[in-house]
Amino acid sequence: MAARTGTAHVVTTTRKYKNQIYRTHLLRRSYREGGVVKNETLGNLSHLPEALIEIIRRSLQGEQFVPVGEAFEVIGSRAHGA
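Residue 1021 is where the sequence shown starts when you use this note's numbering, and the numbers rise one by one after that.
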(Lines of atoms letter the chains of each structure in order from A and count residues from 1; the text may use other names and numbers.)
(Lines give C-alpha, C1' and ligand atoms only; values in the text may rest on other atoms or scores of the structure.)
Protein backbone atom coordinates (compact mmCIF):
# COMPACT_ATOMS: atom_id res chain seq x y z
CA MET A 1 0.00 0.00 0.00
CA ALA A 2 1.16 3.55 -0.72
CA ALA A 3 2.33 5.93 1.97
CA ARG A 4 -0.37 8.02 3.63
CA THR A 5 -0.20 11.00 1.30
CA GLY A 6 -3.73 11.38 -0.08
CA THR A 7 -6.03 14.17 0.98
CA ALA A 8 -8.84 13.32 3.37
CA HIS A 9 -12.50 13.98 2.62
CA VAL A 10 -15.95 13.04 3.92
CA VAL A 11 -18.08 10.72 1.79
CA THR A 12 -21.82 10.43 2.39
CA THR A 13 -23.66 7.41 1.04
CA THR A 14 -27.44 7.04 1.10
CA ARG A 15 -29.31 3.80 0.64
CA LYS A 16 -32.95 2.89 0.90
CA TYR A 17 -34.18 -0.41 2.33
CA LYS A 18 -37.82 -1.24 3.14
CA ASN A 19 -38.97 2.41 3.15
CA GLN A 20 -36.09 3.42 5.43
CA ILE A 21 -33.27 5.73 4.37
CA TYR A 22 -29.82 4.97 5.79
CA ARG A 23 -27.01 7.53 5.58
CA THR A 24 -23.38 6.70 6.21
CA HIS A 25 -20.66 9.32 6.63
CA LEU A 26 -17.12 8.03 6.15
CA LEU A 27 -13.78 9.81 6.50
CA ARG A 28 -11.70 8.66 3.53
CA ARG A 29 -8.50 9.44 1.70
CA SER A 30 -7.77 8.96 -1.99
CA TYR A 31 -4.47 7.80 -3.42
CA ARG A 32 -3.09 6.33 -6.63
CA GLU A 33 -1.63 2.87 -6.85
CA GLY A 34 -0.31 1.77 -10.21
CA GLY A 35 -2.31 4.42 -12.06
CA VAL A 36 -5.57 3.41 -10.38
CA VAL A 37 -7.35 5.72 -7.92
CA LYS A 38 -8.12 3.92 -4.66
CA ASN A 39 -9.88 4.95 -1.45
CA GLU A 40 -8.99 4.06 2.12
CA THR A 41 -11.60 4.47 4.86
CA LEU A 42 -10.04 6.17 7.88
CA GLY A 43 -13.12 6.30 10.09
CA ASN A 44 -16.89 6.07 10.37
CA LEU A 45 -18.48 9.43 11.29
CA SER A 46 -22.10 8.23 11.10
CA HIS A 47 -22.65 8.46 14.86
CA LEU A 48 -21.84 12.20 14.90
CA PRO A 49 -24.46 14.96 14.53
CA GLU A 50 -24.93 16.45 11.04
CA ALA A 51 -23.65 19.88 12.17
CA LEU A 52 -20.36 18.39 13.38
CA ILE A 53 -19.92 16.40 10.17
CA GLU A 54 -20.37 19.63 8.20
CA ILE A 55 -17.70 21.35 10.35
CA ILE A 56 -15.31 18.45 9.70
CA ARG A 57 -16.06 18.63 5.98
CA ARG A 58 -15.39 22.40 5.89
CA SER A 59 -12.22 22.02 7.95
CA LEU A 60 -10.84 19.42 5.54
CA GLN A 61 -11.46 21.88 2.69
CA GLY A 62 -9.11 24.34 4.41
CA GLU A 63 -11.48 26.67 6.24
CA GLN A 64 -10.01 28.14 9.42
CA PHE A 65 -12.06 28.27 12.62
CA VAL A 66 -11.38 30.54 15.60
CA PRO A 67 -13.02 30.80 19.03
CA VAL A 68 -15.84 33.35 19.18
CA GLY A 69 -13.92 35.50 21.68
CA GLU A 70 -11.08 35.94 19.21
CA ALA A 71 -13.30 36.57 16.19
CA PHE A 72 -14.62 39.92 17.44
CA GLU A 73 -12.99 42.94 19.03
CA VAL A 74 -14.91 45.16 21.47
CA ILE A 75 -14.07 48.77 20.65
CA GLY A 76 -16.54 50.41 22.99
CA SER A 77 -19.57 49.76 25.15
CA ARG A 78 -22.02 51.81 27.15
CA ALA A 79 -22.71 51.35 30.82
CA HIS A 80 -26.00 49.58 31.49
CA GLY A 81 -28.67 51.53 33.40
CA ALA A 82 -26.83 54.83 33.38
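Backbone N, C-alpha and C define an ideal beta-carbon position, used for all residues, glycine too.
Bear in mind that the values here come from a model prediction, so they are computed numbers and not experimental data.
How would you label residue i, buried or exposed, when you count the other beta carbons within 10 angstroms and need 16 or more for buried?
| i | result |
| --- | --- |
| H1045 | buried |
Could you give the C-beta distance for residue i and residue j, rounded to a whole number, given that I count them as a contact under 8 Å?
| i | j | result |
| --- | --- | --- |
| S1050 | N1059 | 6 Å |
| L1062 | L1047 | 5 Å |
| I1073 | V1030 | 6 Å |
Report the three-state DSSP secondary structure of residue i (helix, strand or coil).
| i | result |
| --- | --- |
| R1098 | coil |
| V1086 | coil |
Determine the extent of the alpha helix (DSSP H) in which residue i is found, giving its start and end residues.
| i | result |
| --- | --- |
| S1079 | 1070 to 1080 |
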